[in-house]
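So the sequences go chain by chain: A and B.
All residue numbers for the first sequence refer to this note's numbering, where the first residue is 1 and numbers rise by one.
All residue numbers for the second sequence refer to this note's numbering, where the first residue is 135 and numbers rise by one.
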Amino acid sequence: MPPGARGASLAMSGQDEAWFDDAAGPLVRPYAVTGGRTRTDNFGLDLITLVVALPSVAEAAGMAPEYAKIVRLCQRPMSVAEVAARIDLPLPVVKVLLSDLIEQNYVIFRTAAPATDTPNKHVLQAVLDGIRKL
Amino acid sequence: MASGNSEHRRSLTATAVKLLVAGGFGVGKTTMVGSVSEVPPLRTEEVLTSASEGVDDLSGVERKTTTTVALDFGRITINPELILYLFGTPGQDRFWFMWDELAQGALGAVVLADTRRLESCFPAVDFFERRGLPFVVGVNCFDGAYRYGTEEVRAALDVDMAVPLLLCDARDRDSTKQVLVTLIQHVMAHAELATSG
Numbered sequence: 001m002p003p004g005a006r007g008a009s010l011a012m013s014g015q016d017e018a019w020f021d022d023a024a025g026p027l028v029r030p031y032a033v034t035g036g037r038t039r040t041d042n043f044g045l046d047l048i049t050l051v052v053a054l055p056s057v058a059e060a061a062g063m064a065p066e067y068a069k070i071v072r073l074c075q076r077p078m079s080v081a082e083v084a085a086r087i088d089l090p091l092p093v094v095k096v097l098l099s100d101l102i103e104q105n106y107v108i109f110r111t112a113a114p115a116t117d118t119p120n121k122h123v124l125q126a127v128l129d130g131i132r133k134l
Numbered sequence: 135m136a137s138g139n140s141e142h143r144r145s146l147t148a149t150a151v152k153l154l155v156a157g158g159f160g161v162g163k164t165t166m167v168g169s170v171s172e173v174p175p176l177r178t179e180e181v182l183t184s185a186s187e188g189v190d191d192l193s194g195v196e197r198k199t200t201t202t203v204a205l206d207f208g209r210i211t212i213n214p215e216l217i218l219y220l221f222g223t224p225g226q227d228r229f230w231f232m233w234d235e236l237a238q239g240a241l242g243a244v245v246l247a248d249t250r251r252l253e254s255c256f257p258a259v260d261f262f263e264r265r266g267l268p269f270v271v272g273v274n275c276f277d278g279a280y281r282y283g284t285e286e287v288r289a290a291l292d293v294d295m296a297v298p299l300l301l302c303d304a305r306d307r308d309s310t311k312q313v314l315v316t317l318i319q320h321v322m323a324h325a326e327l328a329t330s331g
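Laid out in structure tokens, this is it:
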């Protein structure tokens, strides 16, 4: 066997091992935490639907890790997009997890005002005042 | 046992609204969001799955293609009842399909323009014009970039005189505030026209 060939084969096995280091990312694929479910439109959750958890941080202790993480995070209202960003899972995955929590009455949600032609004047005035005060 | 129980009876009376910051890739959208956001810009990933065209294989498993689009956004708590989110739109053309969902329910948009490559914001201008979503144009004044007058930029972009156009610095909080104030005033004028008309 020429020396070069062995060198190559060792390099290959080195690469195989490299697949499993931290840089390869988590070995649990994102959808594993949803049991493979990829969509749930039961509640029409969108980017800025607000959610808040009902159980306290202490009560989250007995829950499955991903659900507990959301409950701990959502002690104050935040949007679905924010939950996804903060627990670092893709939006569709987070929507599935939130839907589970909503079904079990662990999370309540409020969808944004329906898209009408004319946004609410009071809301606009509040936004204007709020930005000016920044 | 009863202690602390009351705090669990949470209600949710707050609502959320959103504004968009659009423009070409690298024009400073996330910088603008970050200049006024109360938290460092957050990033989330939307995963879009579409069934690929063609014949399904015999196993019945659909062939799908997935695309991941990163969305950057910031948050401003206006008051306990109202949270404003600022979403940067994906800059690359191939993520156009995200824009509909983003624009859904948005109050209005900022189109951020870079005078060194004005054409990169044409698609955003077209999109908001067609959709009837009120927008303003912020001309981001990069260091070293030649500063055109606002009317020159307006002519180049061919936007209606009714659309506010102003120079800004996306890194500067006060400058971004001015852009957003101008946008909300424009949205209010737009809404009044809609109700009176």
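C-beta atoms are modelled at their ideal positions from N, C-alpha and C, and glycine is treated no differently.
It should be emphasised that the depicted structure is a prediction, and the values quoted were computed from it without experimental measurement.
| field | C-alpha gap between A:Leu124 and B:Thr211, whole angstroms | value | About 14 Å.
| query | Three or more C-beta pairs closer than 8 Å, one from the region 148–159 of chain B and one from the region 290–302 of chain B: is that the case here? | reply | The region 148–159 of chain B, when compared against the region 290–302 of chain B, does not touch it at the 8 Å Cβ threshold.
| By Cβ distance, which residues of its chain are closer than 7 Å to B:Glu187, with the 5 residues on each side in sequence left out? | Low per-residue confidence applies at B:Glu187: pLDDT is 47, beneath 50, and the placement is therefore not dependable, though the value from the model is reported in the following sentence. For B:Glu187, where only same-chain residues beyond five positions count, there are no Cβ hits under 7 Å.
| task | Count the CB pairs spanning the region 235–247 of chain B and the region 307–325 of chain B that are closer than 8 Å, and state whether there are at least three. | result | Touching, yes.
| message | Assess contact between the region 159–168 of chain B and the region 81–89 of chain A, defined as three or more Cβ pairs (one per stretch) separated by less than 8 Å. Is contact present? | response | Counting Cβ pairs under 8 Å, fewer than three are found: no touch.
| query | Roughly how many angstroms separate the alpha carbons of B:Glu285 and B:Val259, rounded to a whole number? | reply | One alpha carbon belongs to B:Glu285, the other to B:Val259, and they sit about 16 Å apart.
| task | Find the residues of chain A that neighbour B:Leu291, judging by a C-beta separation of less than 7 Å, and give them in chain order. | result | In chain A, no part has a C-beta under 7 Å from the C-beta of B:Leu291; the shortest such distance is about 24 Å.
| message | Could you compute how far the alpha carbon of B:Ala325 sits from the alpha carbon of A:Pro119? | response | Rounded to the nearest angstrom, the gap between the Cα atoms of B:Ala325 and A:Pro119 is 7 Å.
| task | List the whole-angstrom C-beta distance separating B:Val297 from B:Phe269, where the pair is believed to meet the contact cut-off of C-beta under 8 Å. | result | Contact flag correct, Cβ pair sits at about 7 Å.
| field | Segment limits, alpha helix (DSSP H) that includes A:Ile102 | value | If you look at A:Ile102, you'll find it in the alpha helix (DSSP H) that goes Leu91 to Glu103.
| request: Report yes or no: is there a C-beta of chain B within less than 9 Å of the C-beta of A:Leu98? | output: No, its Cβ sits nowhere closer than 9 Å to a Cβ of chain B.
| query | From B:Asp308, B:Gly266, B:Thr329 and B:Cys275, pick the residue whose C-alpha is nearest to that of B:Gln238; which is it? | reply | The residue with the shortest Cα to Cα distance from B:Gln238 is B:Gly266.
| request: Starting from A:Val57, follow the beta strand (DSSP E) in both directions and report where the run begins and ends. | output: Annotation for A:Val57: no beta strand (DSSP E) segment contains it, and DSSP assigns it neither H nor E.
| query | Mind checking whether B:Met166 and B:Cys302 have CB atoms under 9 Å apart? | reply | For the pair B:Met166 and B:Cys302, the CB atoms are nearer than the 9 Å cut-off.
| Whose Cβ in chain A lies nearer than 9 Å to the Cβ of B:Val170? | Neighbours of B:Val170 on chain A, chain order: Ile131 and Leu134.
| query | Would a C-beta distance cut-off of 9 Å place B:Lys311 and A:Ile70 closer than the cut-off? | reply | Using a Cβ distance threshold of 9 Å, B:Lys311 and A:Ile70 do not count as a contacting pair.
| Among A:Lys121, A:Ile48, A:Ala126 and A:Tyr67, which one has its Cα closest to the Cα of A:Val33? | In this structure, A:Tyr67 is the residue among A:Lys121, A:Ile48, A:Ala126 and A:Tyr67 with its C-alpha nearest to the C-alpha of A:Val33.
| said: For a cutoff of 9 Å on Cβ pairs, would you count B:Ser309 as touching chain A? | reply: It does not: the Cβ of B:Ser309 has no partner Cβ on chain A nearer than 9 Å.
| query | Using DSSP with H/G/I as helix, E/B as strand and the rest coil, what is A:Thr111? | reply | Here A:Thr111 sits in coil by DSSP.
| query | Looking at the C-beta of A:Glu103, does it have a partner C-beta in chain B at a distance below 9 Å? | reply | A:Glu103 does not count as touching chain B.
| task | Please list, in chain order, all residues of the same chain as B:Glu172 whose beta carbon is under 8 Å from its beta carbon, the five residues on each side excluded. | result | If the five residues before and after B:Glu172 are omitted, its C-beta is found closer than 8 Å to the C-beta atoms of Gly208, Arg209, Ile210 and Thr211, all from its own chain and listed in chain order.
| query | Which of the residues in the region 144–161 of chain B, read from start to end, lie with their CB under 7 Å from any CB of chain A? | reply | Going along the region 144–161 of chain B in chain order, one finds Arg144, Leu146, Ala148, Thr149, Ala150, Val151 and Lys152 with a Cβ nearer than 7 Å to chain A.
| request: Measure the C-alpha to C-alpha separation of B:Val287 and B:Thr223 and round it to an integer number of angstroms. | output: Each residue's alpha carbon lies about 22 Å from the other.
| said: Tell me which residue opens and which closes the beta strand (DSSP E) that B:Ala150 is part of. | reply: From DSSP, the beta strand (DSSP E) with B:Ala150 extends over Thr149 to Gly157.
| To which residues does DSSP link B:Phe262 through a beta bridge? | For B:Phe262, which the question treats as bridged, DSSP gives no partner whatsoever.
| Secondary structure of B:Gly188, DSSP reduced to three states | Unreliable positioning characterises B:Gly188 in this predicted model, as indicated by a pLDDT of 46, which lies under 50. The coordinate reading is nonetheless provided below. Judged by DSSP in its simplified three-state form, B:Gly188 adopts coil rather than helix or strand.
| said: With the cut-off set at 9 Å, would you say B:Asp306 and B:Phe276 are in Cβ contact? | reply: Contact annotation: B:Asp306 and B:Phe276 have beta-carbon atoms that are not nearer than 9 Å.
| task | Going by DSSP, name the residue or residues bridged to A:Met78. | result | A:Val51, per the DSSP bridge assignment.
| message | 9 Å is my cut-off, CB to CB: does A:Arg72 come that close to chain B? | response | Not closer than 9 Å to any Cβ of chain B, the Cβ of A:Arg72 fails to qualify, so no.
| task | Name, please, each residue of chain A whose Cβ falls closer than 8 Å to the Cβ of B:Ala325. | result | In chain order: Thr118, Pro119, Lys121 and Leu124.
| query | At a Cβ cut of 9 Å, what residues of the region 40–54 of chain A count as close to chain B, listed as they run along the chain? | reply | Listed in sequence order: Asp46, Leu47, Ile48, Thr49, Leu50, Val51, Val52, Ala53 and Leu54.
| query | With respect to the alpha helix (DSSP H) encompassing B:Leu317, which residues constitute its N-terminal and C-terminal limits? | reply | Where B:Leu317 is concerned, the enclosing alpha helix (DSSP H) starts and stops at Arg307 to Ser330.
| message | Give me, in chain order, the residues of the same chain whose beta-carbon lies closer than 6 Å to that of B:Ala204; leave out the 5 immediate sequence neighbours on both sides. | response | The beta carbon of B:Ala204 sits closer than 6 Å to those of Arg177 and Glu179, all from its chain and outside the five residues before and after it, given in chain order.
| field | Neighbour flag for A:Met78 against chain B, beta carbons, 9 Å | value | Using a Cβ-Cβ cut-off of 9 Å, A:Met78 counts as an interface residue toward chain B, since at least one Cβ of chain B sits closer than that to its own.
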